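Structure record follows, encoded as C-alpha cells.
Protein chains: 2
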Amino acid sequence: MAKRSIKAMRRDELMDAAIAVIAEEGMPGATMAVIARRAGMSAGLVNHYFESKEELIALAMRSLSNLFRQDIMRLAPADPTPAQRLRAIVDGSFAPQHLGTPKRAAMWMQFMIAAQTEPRIKHLYHLTGARFVSNIRYAVRRLVPADQVDDIVDGIAALIDGFFWQNAGEYEEEDLERARRICWRYVCLQIPGIEL
Amino acid sequence: MAKRSIKAMRRDELMDAAIAVIAEEGMPGATMAVIARRAGMSAGLVNHYFESKEELIALAMRSLSNLFRQDIMRLAPADPTPAQRLRAIVDGSFAPQHLGTPKRAAMWMQFMIAAQTEPRIKHLYHLTGARFVSNIRYAVRRLVPADQVDDIVDGIAALIDGFFWQNAGEYEEEDLERARRICWRYVCLQIPGIEL
DNA sequence: TAATATATTGATTGGCCATTCAATATATTA
DNA sequence: TAATATATTGAATGGCCAATCAATATATTA
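Chains R and V, in that order, give the protein sequences.
Using the working numbering, read the first sequence as starting at 1029 and increasing by one per residue.
Using the working numbering, read the second sequence as starting at 1029 and increasing by one per residue.
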C-alpha cells in the first residue's frame, strides 16, 4: 500500500508541476527537466513515473478538465431546474477560480493548443467540449420546442467559448462579470420565460 | 530593380511555404528545413532572406491577417449601410475561402498559438482582433443607443470568435452556413430594425 | 539480518533544430 | 572581358531535449 501511495503522490506532484510550468511558460518551455525541478525531483525521475512526456501532459490536462466540471456542478443546487442549470453553466464558465487566475486560463489555452498535435489530448479535448455542449442541451431541450434546440445550444456554447478565448490569460474580475452578463442576456433573449 | 525583385519573390515564396507547412503540420513541424524544401530551396537560404525564423513566421501571419480583412471588405458594397457592414463581417468571417479550406482554418489556430509565446506575433494578433472589433463597433454605434454599444459589440465579436474556434480546422460548408445563421440571428435580436 | 524490490540521481545517448559559414554559381556592372 | 555583387548550396556548429541507464540509496519482506 505504501509503495502505491508514493507512486500516486509523485504522479500527482508531477502533474501539478506540469500544469504550473505549462501555464507560466507555455508548452515549448515545459521540458521534462523544468517540470521535474519544479516538482523538486531530478530530471530522470519523470520517466520512472510516466511512460512518456505525452502521458504526463495528457493526464495533467485530464485533471484540469475534471476540476472544471466539478466547479460547474458545485454552483448548481441539488436537483436544479433547467434554468438553474444553465445559470450554473454560464456562471461557472467564468468563475474566478478557473479563469480568474492567469495560470488556469493560460492552461486552458495550452490544452487547446496541445490538442492540435497530440492525438490523445485531442481526444480528451473533444470529449470535454462534447460534455459541455451536452450539458447545455440537457437544459435547453426542456425549455424550447425541439426544432429550435440545436441552434440555441450551439449559440450559447459558441458565445461562452468566444469570451473564454477572447482575452485568454488576462482576465480581470470586471471582464468576467461582463462576460457573464452578456452570455446570460443571450440565454434570456433566446429562451422566453427565463429571467435574471 | 531586378535584384530587389528576386528578393521580394523569394520572400513571398517562403512565406507561402511557411503558411502551407504550418497549416499542415502545425508549428512544431514547421522547421526551417521543411519550409525551405517546400519552397524548393535549400535549408540555408531562408536565413539569407529573413533575419530569423521568427521574422518569417510573423510576416507570414501578417499576410494572412491582411487577406482576411480584404475578404470582408470585398463582401460589402461600396459605401455600405451599417447593416450591410455587419452582414459582410458575419458572412466574411465564415466565408469558405478562409475557413472552408482546412489549411486556412488551421493557420488561424496556429496564429493564435504563436501569439502566446512570440511577442511580435502577439502584437499582431491583438491588432488583428482590435481592428475586427472596431469594425463591428463602427456599424453598431450607428444603430443603437450609446449605452448599449459596448455589450452588443462584444457579444457579436465573442459569438463569431466562438464559432471560429469551435471546430477549428474541420469545417464543412454546412457548419459555416449554420454559424452564419446563428450569428446573424443574434445580431437581429440585439438590434431592432435589422432584417433577413 | 539478508535479500529483494522500489526510489532517486545525474550523466549519457542520439536526435533534431536554427543559424553560420565557406564554397560555388550566376548575374550585374564598368 | 574583368571585377564585383548577389544567389544558392550543403555541410558544420552548438544548443536543447526526451529518453535511457548504470549506480546508489532507501524501503520492504522473509
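The beta carbon of each residue, even a glycine, is placed where N, CA and C say it ideally should be.
Treat the numbers as computed from the prediction; the structure is a model and nothing was measured.
Check: Does any CB atom of chain V fall closer than 8 Å to the CB of L1217 (chain R)?
Finding: Cβ-Cβ to chain V under 8 Å: yes for L1217 (chain R).
Notebook entry, point to check: Does any CB atom of chain V fall closer than 8 Å to the CB of F1160 (chain R)?
Noted result: Not closer than 8 Å to any Cβ of chain V, the Cβ of F1160 (chain R) fails to qualify, so no.
Notebook entry, point to check: Does the distance from the C-beta atom of R1206 (chain V) to that of L1152 (chain V) stay below 8 Å?
Noted result: With respect to L1152 (chain V), R1206 (chain V) sits apart: the two C-beta atoms are not nearer than 8 Å.
Checklist line | Option nearest A1064 (chain R) by Cα separation, candidates R:D1119, R:C1211, R:A1051, R:R1039 | finding: Residue R:R1039 is the option with its Cα nearest to A1064 (chain R).
Notebook entry, point to check: By how many angstroms is the C-alpha of A1186 (chain V) removed from the C-alpha of A1133 (chain R)?
Noted result: Computed Cα separation, rounded: 17 Å.
Item checked: At least three beta-carbon pairs within less than 8 Å, the segment 1090-1101 of chain R to the segment 1165-1183 of chain R -> Cβ pair count under 8 Å is below three, so no.
Next item on the list: State the start and end residues of the unbroken alpha helix (DSSP H) segment that holds R1169 (chain R).
Entry: Note, R1169 (chain R): premise wrong, no alpha helix (DSSP H); not H, not E.
Item checked: Residue range of the unbroken alpha helix (DSSP H) whose run includes F1139 (chain R) -> Run containing F1139 (chain R): 1130-1145, per the alpha helix (DSSP H) assignment.
Notebook entry, point to check: According to the neighbour-count rule (16 or more other Cβ atoms, all chains shown, within 10 Å of its Cβ), is A1142 (chain R) buried or exposed?
Noted result: Around the CB of A1142 (chain R), 16 or more other CB atoms lie within 10 Å, so the residue is classed as buried.
Next item on the list: Express the C-alpha separation of S1070 (chain V) and R1209 (chain R) in angstroms, rounding to a whole number.
Entry: So the alpha carbons of these two residues sit roughly 54 Å apart.
Check: alpha helix (DSSP H) containing S1091 (chain R): first to last residue?
Finding: Segment 1081-1103, the alpha helix (DSSP H) holding S1091 (chain R).
Next item on the list: Determine the extent of the alpha helix (DSSP H) in which Y1214 (chain V) is found, giving its start and end residues.
Entry: Note, Y1214 (chain V): alpha helix (DSSP H), 1201-1218.
Checklist line | Neighbour-count burial assignment, C1211 (chain R), 16 or more Cβ in a 10 Å radius | finding: Flag for C1211 (chain R) reads buried.
Next item on the list: Whole angstroms is fine: what's the gap from A1111 (chain R)'s alpha carbon to I1222 (chain R)'s?
Entry: Rounded to whole angstroms, A1111 (chain R) to I1222 (chain R) spans 7 Å at the Cα level.
Note to self: Using beta carbons (cut-off 8 Å, strictly below), is I1085 (chain V) in contact with chain R?
What the structure shows: The Cβ of I1085 (chain V) sits no closer than 8 Å to any Cβ of chain R.
Next item on the list: Can you say whether Q1138 (chain V) is buried or exposed, counting buried as having 16 or more other CB atoms within 10 angstroms of its CB?
Entry: By the beta-carbon neighbour count (other beta carbons within 10 angstroms, threshold 16), Q1138 (chain V) is buried.
Margin query: For G1120 (chain R), report the span of its alpha helix (DSSP H) as first-last.
Written below: Run containing G1120 (chain R): 1110-1121, per the alpha helix (DSSP H) assignment.
Notebook entry, point to check: Between V1215 (chain V) and L1114 (chain V), is the Cβ-Cβ spacing less than 8 Å?
Noted result: Inclusion of V1215 (chain V) and L1114 (chain V) in the CB contact set at 8 Å is warranted, their separation being smaller than that value.
Checklist line | Coil, strand or helix - E1223 (chain V) by DSSP | finding: Note: E1223 (chain V) maps to coil in three-state DSSP.
Notebook entry, point to check: Since H1076 (chain V) is in the alpha helix (DSSP H), which residue starts that stretch and which ends it?
Noted result: For H1076 (chain V), the enclosing alpha helix (DSSP H) starts and ends at 1074-1077.
Item checked: Rounded straight-line distance, which links the Cα of N1094 (chain V) to that of L1155 (chain V) -> Rounded to the nearest angstrom, the two C-alpha atoms are 11 Å apart.
Margin query: To the nearest angstrom, how far is the alpha carbon of R1148 (chain R) from that of S1162 (chain R)?
Written below: Going by the C-alpha atoms only, they are around 21 Å apart.
Checklist line | Straight-line Cα distance separating L1204 (chain R) from Q1194 (chain R) | finding: Straight-line Cα distance between these residues: approximately 11 Å.
Next item on the list: Take F1078 (chain V) and list the residues in its own chain whose beta-carbon comes closer than 8 Å to its own, dropping the five residues that flank it on each side.
Entry: So the qualifying residues of the chain are R1039, L1042, L1084, L1087.
Notebook entry, point to check: If you run the structure through DSSP and keep just helix, strand and coil, what is A1030 (chain V)?
Noted result: Residue confidence for A1030 (chain V) is low, a pLDDT of 44 falling below 50, so the modelled location carries little weight; the figure read from the coordinates is stated next. A1030 (chain V): helix per DSSP, three-state reduction.
Checklist line | Residues near A1030 (chain V) by beta carbon distance below 6 Å, same chain, minus five either side | finding: With a pLDDT of 44 at A1030 (chain V), under the threshold of 50, the modelled position of this residue cannot be trusted, and the question is left open.
Notebook entry, point to check: Considering only residues of the same chain and omitting the five flanking positions on each side of E1082 (chain V), which have a CB-CB separation below 7 Å?
Noted result: Once the five neighbours on either side are set aside, the close Cβ partners of E1082 (chain V) are E1146, R1148.
Next item on the list: Going by CA-CA distance only, name the one from V:I1188, V:D1175, V:D1189, V:L1171 that's closest to P1220 (chain V).
Entry: The residue among V:I1188, V:D1175, V:D1189, V:L1171 with its C-alpha nearest the C-alpha of P1220 (chain V) is V:L1171.
Note to self: Any C-beta of chain V within less than 7 Å: which residues of the segment 1040-1057 of chain R qualify?
What the structure shows: Taking a C-beta cut-off of 7 Å against chain V, the contacting residues of the segment 1040-1057 of chain R are G1054, P1056, listed in chain order.
Next item on the list: Would you grab the beta carbon distance between G1028 (chain V) and G1190 (chain R) for me? Rounded to a whole angstrom, and I think it's under 8 Å.
Entry: Examination of residue 1028 (chain V) is not possible in this model, given that chain V is present from 1029 through 1224 alone.
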